[in-house]
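Protein chains in written order, with UniProt numbering: chain A, 1 to 146; chain B, 1 to 146.
Even for Gly, the Cβ is constructed at its ideal location relative to N, Cα and C.
Comments concern the structure below.
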DNA sequence: CTATATCGTTAGCAAGAGTAATGACTCCAG
DNA sequence: CTGGAGTCATTACTCTTGCTAACGATATAG
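Below is the structure:
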């Protein structure tokens, strides 16, 4: 069960192999998600869910996007009834975002649907392969923070 | 050195953990790439490099994109002198794509630049962690094909 | 109290993806 | 051999999302 290719022997080769695997898998996961919301919208909604009472500026910074882009995304999500904009308690320039019940519900469904496809693929792997991925997951997580 | 979190014990938990790791890392890698060409363009150019003499339709299927989208991408790459469109030998409806020398050169540079960031991060891992990723890479690759 | 800075938004532009429709060509049934 | 159905690439159009520049309201420093 040695799946190692010659590509992965050197460090540069490993970087190359990971790069293509990661981006292809990411594209694939995006395509498998439900189509009610775009990736951008899910990302923003998810960030609001994790850090409640965010302002648009903080959200834009978190999602690595310019404020005007986030303004539009927020406008859509608000129009769809998924989040609310309320005045900031002390600074009237600012706005505070929070999820609505519908937003929370939709986010959970979306997450479940997206993971369903991946879980299905994982079930087709051997136990050894699953073990390797279990060990790899936290390392990959750390790579994106570096 | 047990990096396993409680999240990764169940299969659904593993799927969830992998999903966020993969998409975050993908976003991060995209941001680190050189900005001479977009990800779409790099993807198309790379596919032509790997499977020479592709037609636009095959390329669109390979990149999981609709033909009209690929037509536009091809037009841009051709205008930039990175690939050429030539008539198909037997079927005059079709077109055959190939890389130019400039396209080949640019692709190699781009690849080197994008992988540099990831290779740097990999170098900061312990040898054990690198081993895990070496084993994980081909499994991840297979997941995206399923 | 004035000047500057900050925050969110609006306006306008470009890139990328999709669908529908078209034109050129191939191929098969009769 | 020919007429019609199917195939391939392209064009036209729409939608989403990103950016920058400019603005209007508000907060804060001097």
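Query, Result
"Span of the alpha helix (DSSP H) around residue 56 of chain B", "56-62"
"Check whether residue 73 of chain B and residue 41 of chain B have beta carbons under 8 Å apart", "yes"
"Proximal chain B residues relative to residue 94 of chain A, where beta-carbon distance stays under 8 Å", "Here the premise fails: no neighbours, minimum Cβ distance about 26 Å."
"Extent of the continuous alpha helix (DSSP H) run through residue 68 of chain A", "67-79"
"Simplified DSSP state of residue 93 of chain B, which is helix, strand or coil", "coil"
"8 Å Cβ cutoff met for residue 47 of chain A and residue 37 of chain A", "no"
"Proximal residues to residue 100 of chain A (C-beta, below 8 Å), its chain only, five neighbours per side dropped", "81, 82, 83, 84"
"Any C-beta of chain A under 8 Å from that of residue 29 of chain B", "yes"
"Straight-line gap, residue 1 of chain A to residue 141 of chain B (C-alpha atoms, nearest Å)", "Because the pLDDT of residue 1 of chain A is 42, which lies under 50, any placement of that residue in the model is unreliable, and the question is left without a value."
"Coil, strand or helix - residue 10 of chain B by DSSP", "coil"
"Test item: CB-CB of residue 118 of chain B and residue 133 of chain A under 8 Å", "no"
"Rounded Cβ spacing between residue 139 of chain B and residue 29 of chain A (contact assumed at less than 8 Å)", "That belief does not hold up - the Cβ atoms of residue 139 of chain B and residue 29 of chain A are roughly 15 Å apart, past 8 Å."
"Cβ-based burial, residue 109 of chain A [other Cβ within 10 Å; buried from 16]", "exposed"
"CB-CB length for residue 11 of chain B against residue 122 of chain A, believed under 8 Å", "6 Å"
"Whole-angstrom distance between residue 96 of chain A and residue 54 of chain A, CA atom to CA atom", "6 Å"
"Nearest residue (CA-CA) to residue 13 of chain B, options A:124, A:115, A:127", "A:115"
"Simplified DSSP assignment, three categories, for residue 17 of chain B", "helix"
"Close-in-space but distant-in-sequence residues of the same chain around residue 88 of chain A (CB under 8 Å, 5 per side omitted)", "55, 94, 95, 96"
"7 Å Cβ shell around residue 57 of chain B - same chain, five flanking residues per side excluded", "67"
"Contact check, residue 44 of chain A vs residue 63 of chain A, beta carbons under 8 Å", "yes"
"Buried or exposed (CB count within 10 angstroms, at least 16 for buried), residue 50 of chain B", "exposed"
"Close-in-space but distant-in-sequence residues of the same chain around residue 86 of chain B (CB under 6 Å, 5 per side omitted)", "96"
"Residues that residue 17 of chain A contacts on chain B, provided the C-beta gap is smaller than 8 Å", "137, 138, 141"
"Closest residue to residue 39 of chain B among B:52, B:75, B:107, B:102 (Cα-Cα distance)", "B:107"
"Cβ shell of residue 76 of chain B (< 8 Å), same chain only, five flanking positions each side left out", "41"
"Three-state class that DSSP yields for residue 100 of chain B in the structure shown", "coil"
"Minimum Cβ-Cβ distance from residue 133 of chain B to chain A less than 8 Å", "yes"
"Per-residue DSSP class, three states only, for residue 83 of chain A", "strand"
"Exposure of residue 120 of chain A, with buried meaning 16 or more beta-carbon neighbours within 10 Å", "exposed"
"Test: residue 50 of chain B CB closer than 8 Å to a CB of chain A", "no"
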